[in-house]
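Contents: one structure, followed by commentary.
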Amino acid sequence: STVVLVFEAPKSFKFVVEAGESVKVGQAMGVL
Amino acid sequence: AARAGQAKFMRWWAVPAVIVLVSALFVGKKRKKETREGEGGDQPARLAKPWQVAAYSTLPLKAMSRLWGKFNDITLPMWMREPGFKLYSYVFGVNLDEVAENDLRKYANLGEFFYRELKPGVRPIDEKAALVSPADGKVLHFGVIHDGQVEQVKGVTYSLDALLGQNPNASAPAHKVDFEYHDEDEVMDRHRDFAIVNGIPYTVDSLIGGTDGHRNNEHGNGESQRHADAVDHEDRGDVAIRRTSTTAFNKVSKELLKPDTTPESEKELFFAVIYLAPGDYHRFHSPTHWVSQVRRHFSGELYSVSPYFQSRLANLFCLNERVALLGRWRYGFFSMTPVGATNVGSIRIHFDKDLRTNTTRKYAEQHNGEEWDGKSRCYEATYAGASRLLGGYPLAKGEQMGGFNLG
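Top to bottom, those sequences are chains X and U. Following this note's numbering, the numbering of the first sequence begins with 81 at its first residue and continues without gaps. Following this note's numbering, the numbering of the second sequence begins with 285 at its first residue and continues without gaps.
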């Protein structure tokens, strides 16, 4: 199963994860 | 004679053993390479040939998924439960220390264990981050959407419209309510006036879906509050929804009503894909403070969404059954789309009790009022009645939203 997020954000939005990285619920994925 | 027999035995097992060993090494190496490709490595994607896709699509995947679900709903004998779930946990890497229920025998079957809850506090929510992970899993891909095309794997894209339906922004109109806070830092009391909209005082109950819509402070009879406390579910708008919590409403409204001064030209559409492996916790949570306004259920196929298939099947996310929740957050459009797969065909949204996924032909005909023609369809519903002020269902960051069921 998969969850896809699509969202609008300012260009300054940065992902703080890497492709292939394991994540847990509530872990930071992006910051502004 | 003994030596001759021993030599013969050695010859007999040595040759196949070497073949098996070399094959295993070769397959392992190949799988690792394929996984790297699926996770966005430098290698270009090697898509399946049309005849391979055609052959795969002939498999009765939805029927298999439903059968798999029914099989896993069979109540297991008590003696089998604990060792069975421990074996499953060992094979798929489940951390049993995090499982809410200490006594594994209380899970009647694998379906219940698969949909397990976690102990409170084992998944702390990062309050400072703008976006947090909605699920346990692996981040397969993320980036910026250009020209309405989302990148599935390197060099292969799919259309955003195909994933979410036409013109998703149109379904999430800008918030334009004339709103005034009484005290932003004060904890809101659901029986007290909360806000004044167009000169009318509103209570928390009326804003999150109370029966009267609004109540004047001086002339209201308080019926909405009493009714709200008694009713947990209610039909509002187009779909039956569960009443949202005051806490979620407070958090979301405070966040969404903060001004966003970013001009449209300084914004972009981003995407992220999180894959949940069989051993992962299979409930998903809200990744930020946002309002879900529209639900679009696309009844599609149930192909596998493992990294291997993601790197082989183009448009995979637009082919599979999925539930697109569309709405907005502080910075504009926001959507979250759980995508089903063969082994986890059913998607559940806890605040939307009308939603049924991976249904049979008979069920679809009964509930959607139309003849089933076997084609993929999109069923749309709105959550506009859930919160009058926010115009949808408020979801606070980290709040549990739903999950995936086996089959």
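Glycine included, C-beta positions come from ideal geometry on N, C-alpha and C. Every value quoted in this text rests on a predicted model; they were computed, and no experiment measured them.
The alpha-carbon separation between X:Ser102 and U:Asp420 amounts to approximately 8 Å.
Given a length threshold of 3 residues, the region 365-402 of chain U has no whole run of the beta strand (DSSP E) inside it. Against chain X, a Cβ distance below 8 Å from U:Ile429 picks out Val86.
The closest CA to that of U:Thr530, considering only U:Ala670, U:Glu396, U:Arg287, is found on U:Ala670. Assigned with DSSP and collapsed to three states, U:Phe533 falls in helix. Distance from the CA atom of U:Leu586 to the CA atom of U:Ser349, rounded to whole angstroms, is 8 Å. Remark: C-beta atoms of X:Val84 and U:Ala556 approach each other more closely than 9 Å. In this structure U:Val607 touches U:Leu639 by the C-beta definition: roughly 7 Å separates them, less than 8 Å. In terms of Cβ geometry, U:Arg407 and U:Leu388 do not form a close pair [threshold 9 Å].
Residue-level contact by beta carbon fails for U:Ser307 and chain X, as no gap is shorter than 9 Å. U:Gly629 is the residue among U:Asp410, U:Val428, U:Gly629, U:Phe635 whose C-alpha sits nearest the C-alpha of U:Lys354. Inter-residue distance for U:Asn386 and X:Pro90 is about 44 Å (C-alpha atoms, whole angstroms). U:Tyr565 sits close to U:Leu402, with the two beta carbons spaced by under 9 Å.
Contact of U:Lys412 with chain X is assigned, a C-beta pair being separated by under 9 Å. In chain order, Gly106 make up the part of chain X whose C-beta sits under 7 Å from the C-beta of U:Ile409.
Within the DSSP secondary-structure output, X:Leu85 pairs in a beta bridge with U:Ala556, U:Met620.
The Cβ atoms of U:Ser619 and X:Val86 sit closer than 9 Å to each other.
Approximately 15 Å separates the beta-carbon atoms of U:Asn599 and U:Gly624; this is outside 8 Å, ruling out the contact. Counting along the chain, X:Val97 sits inside no beta strand (DSSP E), nor does DSSP assign it H or E at all. C-alpha of U:Ala413 to C-alpha of U:Pro404: approximately 20 Å in a straight line.
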